[in-house]
Structure formats: C-alpha cells, structure tokens
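A.B. asks: I am attaching a structure below and will ask some questions about it afterwards.
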Amino acid sequence: MSTENPGIRTENSVNSITVSISEVLHQTAQPLTVLLGILELALLQAETITDYRESVERSLFEVSRLIDCLNQARKIAVGRA
Amino acid sequence: MPRLNGRRFILQEQIAEKSASIPSSAKLLVAEDDVPLAQFLKRGLQGSKYEVDLVHDGEIALQSLNTSKYDLLVLDLNLPKLDGMALLAKIRPSMPGLPVLVLTGRTGLEDRIMALDQGADDCLLKPFSFNELGARTRALLRRKNNGCGRVLQVGDLVLDRERFMVERAGKRIDLTSKEFSLLEYLMVNSRKPVTRAMIMENVWKAPYDANSNLVDVYVKYVRDKVDMDSPVKLLRTIRGIGYVVADN
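Keeping their order, the protein sequence lines are chains A and B. For what it's worth, my numbering labels the leading residue of the first sequence as 64, then goes sequentially. For what it's worth, my numbering labels the leading residue of the second sequence as 8, then goes sequentially.
In structure tokens form, the structure reads like this:
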C-alpha cells in the first residue's frame, strides 16, 4: 500500500499538467513568431507571384507546427478531464 | 502588390526605407534552438544585409563568440547544453561591450528582469514582430557605434579609440592624452550638455574643485585644435551648465 499522501499526489499531478501546458505554450510561440515574420516580410519585400507563393508555402509549414501544438494541448486537456 | 489601408501601408513603406538605409556590415550571431525559427531569423536578417552565423546550442554559441568577433548576439534563453542565462554569465566579464538581444518564450516578468540584470541589453518576448526585431537590432548597433564603439563621429569630426586618432574633415588633429580623453568623453555624450563636475569626475577621475579652472583650460586647448580651422563650431559652451559637442 502506498504511503504517499493523496493530497500531495494531486498537487504533483496538477504541477505536472501546469508544466506541460507551459511547455506547449512555449512551443507555440516559435511557429507564431516565424508566421508573423513571414507575413511581415512578404508585405515588405515580395514582388513576384513566386515570392508570394513561397511565403504561403512557408506559412503553411508553420501553421502545421501550430496544429501540432494544439493537438498536444488537447491531449493534456483530455488527460486532465 | 495588395494595398492595405493608408496608414498601415505607410508604416510598411517607412520600415522598408529604414531597413534599406542601414549601413549593415555588422556581423551577428543568432543562438536559437528551434531550427525553423533560427533559419527564418537568419534569412530575414541577411535580407537586411547583415552577416549572420547560426548556432543551436549554448556551448557552440560560446565557442563561436570566443573564436569570432561579433557586433551583436541574438540569444534565445531556452538553449540546450548551456542555457542563455548561463551563457550571459560566462561572456559578460570578457565581452562587456557586446550587445545582446535576448529572445524568450517565457511570459514571466522575472525571466526578462533576470536576463537584463544578467547583462542582456534588450529583451523580446515570443511571438515577436520581425520588424520590431529589426528595429531593436538597429538601435542596439547604433548605440554600440555611438557609445562603446571603436569610432565616434559628430559631424565631420571623427575619433578612433583604438588607433588613438582624431580627424576633422579628413584632416588629422594631434591631441595630448588628456585632451583625447576629454574629447572622447564629450563625443560619447554628444548633443548632451556635460558639466565641469562630470568632466572632472570622468576624465580626471577626481572630485570637482570650483576654484580650479583646469577643465576650462583643457576645453580651450581642445576647442582650438578641433574648431579653429572650421566655420562650424562643434564644441560649444552652455552658459551656467558646461559644454556640449554637437553638429547642429
């Protein structure tokens, strides 16, 4: 039989969820920064359709990274429920 | 190109002009572990005509800083092997003049305060605007060149700290060691009036004595050499305050 205090176990579990959410939020900031930057630079520098197309493709890659972050957050939420 | 509403479009145009007008021969080290973000920063900063090296962990960042000379470090705090805060602590004693722009994804105010106290010059919270990163980079490089850089310039007066050389309109001016230090102090504080007490404390490292005219005598020596042959007088007296070096 475990001698661990159930109160402490709950607290540890909450801390672990908080750390995970914090980590996912941190990961979200990276693709958001790139996405924002790609769009800013497209407005400033893109001149041809090819330039814009490249910006769109790179934006899509960053959106896929954002979706990964969202899915990780969902998993944490499901685990918590 | 799609036109946005007037004001936003003007802002973008102004940013483009600023970016294009930088004399960007500066060499930057970007230390960022997220590879897509690091590559984006490299590409974007290269687009502003900077030379950019990229590293993805703190240990390699430290090696690069010890083997190459950089004008600015863009440093992510969350680096593997040696984190950004530890890297700052290691480099600050030997590289006090290196401008460091910290990037952090941690929203806590404490992280940013700690980074600034540890020796960072500026801090950006992710996600940040690339235009803002560009503007902050320009500001840090400008400050470095004005305050701690090798060469100080006010109008056509140039002072080279490493070569111990002063020129006005391309013509060499010979100064004694103390005159050089005095002019350097005035130029570091260009456009800001400095008092006799400030000059005494910073150039002579001695307390100001109101009965002594030492500062005025040396200012006259410097002024005679710097301004004598030029119609534009750069070293001016501010009555009741002290002196200023300015080009307008």
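Positions of the beta carbon are idealized from the N, C-alpha and C atoms, including for glycine. A quick note: this is a predicted structure, and the numbers were derived from the prediction, not measured.
Report all residues from its chain with a CB closer than 6 Å to the CB of Asp231/B; omit the five preceding and five following residues, and keep chain order.
C.D. replies: none
A.B. asks: Under a CB-based cut-off of 9 Å, is Pro43/B close to chain A?
C.D. replies: Interface residue, yes.
A.B. asks: What span of residues does the alpha helix (DSSP H) with Ala122/B cover, start to end?
C.D. replies: Looking at the DSSP string, the run of the alpha helix (DSSP H) that includes Ala122/B is Leu116 to Gln125.
A.B. asks: Could you say if the segment 35 to 45 of chain B and the segment 77 to 90 of chain B meet the contact criterion of at least three C-beta pairs nearer than 8 Å?
C.D. replies: yes
A.B. asks: Confirm, please, whether the CB-CB distance from Gly162/B to Val239/B is below 9 Å.
C.D. replies: yes
A.B. asks: Sorted by chain position, which residues of the same chain lie with C-beta nearer than 7 Å to Lys138/A's C-beta, five sequence neighbours on each side aside?
C.D. replies: Taken in chain order, the list of residues that qualify is empty.
A.B. asks: Go through the segment 75 to 102 of chain B residue by residue and report every complete run of the alpha helix (DSSP H) that reaches 4 residues or more, in order.
C.D. replies: Entirely contained in the segment 75 to 102 of chain B, the alpha helix (DSSP H) runs reaching 4 residues are, in chain order, 91 to 98.
A.B. asks: Tell me which same chain residues have a C-beta within less than 7 Å of the C-beta of Arg203/B, skipping the five on either side of it?
C.D. replies: Tyr215, Val222 and Gly249
A.B. asks: By a C-beta neighbour count over all protein chains shown, 10 Å radius and 16 as the cutoff for buried, is Gly100/A buried or exposed?
C.D. replies: buried
A.B. asks: Return no unless some Cβ of chain B is closer than 9 Å to the Cβ of Glu103/A.
C.D. replies: yes
A.B. asks: Cβ closer than 8 Å: which chain A residues qualify as neighbours of Ser55/B?
C.D. replies: Within chain A, no residue comes near Ser55/B; the closest Cβ sits about 10 Å away, beyond 8 Å.
A.B. asks: By the 7 Å beta-carbon criterion, what residues does the segment 119 to 152 of chain B contribute toward chain A?
C.D. replies: Lys133, Pro134, Phe135, Ser136, Phe137 and Asn138
A.B. asks: Between the segment 114 to 126 of chain B and the segment 67 to 79 of chain B, can you find at least three pairs of beta-carbon atoms closer than 8 Å?
C.D. replies: no
A.B. asks: By the 10 Å Cβ neighbour count, where 16 or more other Cβ atoms means buried, how is Lys199/B classified, buried or exposed?
C.D. replies: Around the beta carbon of Lys199/B, fewer than 16 other beta carbons sit within 10 angstroms, so the residue counts as exposed.
A.B. asks: Hey, is Asn12/B's beta-carbon within less than 9 Å of any beta-carbon in chain A?
C.D. replies: The pLDDT assigned to Asn12/B is 46, lower than 50, so where the model puts this residue is not dependable; a value taken from the coordinates is nonetheless given after this. Closer than 9 Å: no.
A.B. asks: Does chain A have any CB closer than 9 Å to the CB of Arg230/B?
C.D. replies: no
A.B. asks: For a cutoff of 9 Å on Cβ pairs, would you count Val119/A as touching chain B?
C.D. replies: no
A.B. asks: Counting only beta-carbon atoms, is Gly51/B nearer than 9 Å to chain A?
C.D. replies: yes
A.B. asks: Within 9 Å (strictly less), CB to CB, does Val126/A reach chain B?
C.D. replies: Interface with chain B (9 Å Cβ-Cβ cutoff): Val126/A is excluded.
A.B. asks: Between which two residues does the beta strand (DSSP E) containing Ile180/B stretch?
C.D. replies: Lys178 to Ile180
A.B. asks: Assign Ser101/B to buried or exposed, taking buried as 16 or more other Cβ atoms, counted over all protein chains shown, within 10 Å of its Cβ.
C.D. replies: Ser101/B comes out exposed.
A.B. asks: Check Gly104/B in the structure and name its three-state DSSP category.
C.D. replies: coil
A.B. asks: Check the Cβ-Cβ distances between Thr96/A and every residue of chain B, and say whether any is below 9 Å.
C.D. replies: yes
A.B. asks: Starting from the Cα of Val126/A, find the closest Cα among Val97/A, Thr111/A and Glu110/A and give me that residue.
C.D. replies: Val97/A
A.B. asks: Which of helix, strand or coil does DSSP assign to Gly141/B?
C.D. replies: helix
A.B. asks: Spatial neighbours of Ala109/A within its chain, please: C-beta separation below 7 Å, excluding the five flanking residues on both sides.
C.D. replies: Tyr115 and Ser118
A.B. asks: Are any of the Cβ atoms in chain A nearer than 9 Å to that of Leu79/B?
C.D. replies: no
A.B. asks: Here's a check: name, in chain order, each residue in its chain whose Cβ is nearer than 6 Å to the Cβ of Cys132/A, leaving out the five neighbours to either side.
C.D. replies: Excluding residues within five positions, the ones whose Cβ falls inside 6 Å are Val87, Gln90 and Thr91.
A.B. asks: Rounding to the nearest angstrom, what Cα-Cα distance links Met194/B and Val224/B in this structure?
C.D. replies: 18 Å
A.B. asks: Does any residue of chain A bring its CB to less than 9 Å from the CB of Gly91/B?
C.D. replies: So, not an interface residue.
A.B. asks: What do you get for Arg179/B, buried or exposed, if any count of 16 or more other CB atoms within 10 angstroms of its CB means buried?
C.D. replies: exposed
A.B. asks: Tell me, please, which residues DSSP counts as bridged to Gln160/B.
C.D. replies: Val165/B
A.B. asks: For a contact defined as C-beta to C-beta under 7 Å, what are the partners of Gly65/B on chain A?
C.D. replies: What Gly65/B touches in chain A: nothing, since even the nearest Cβ is about 17 Å away.
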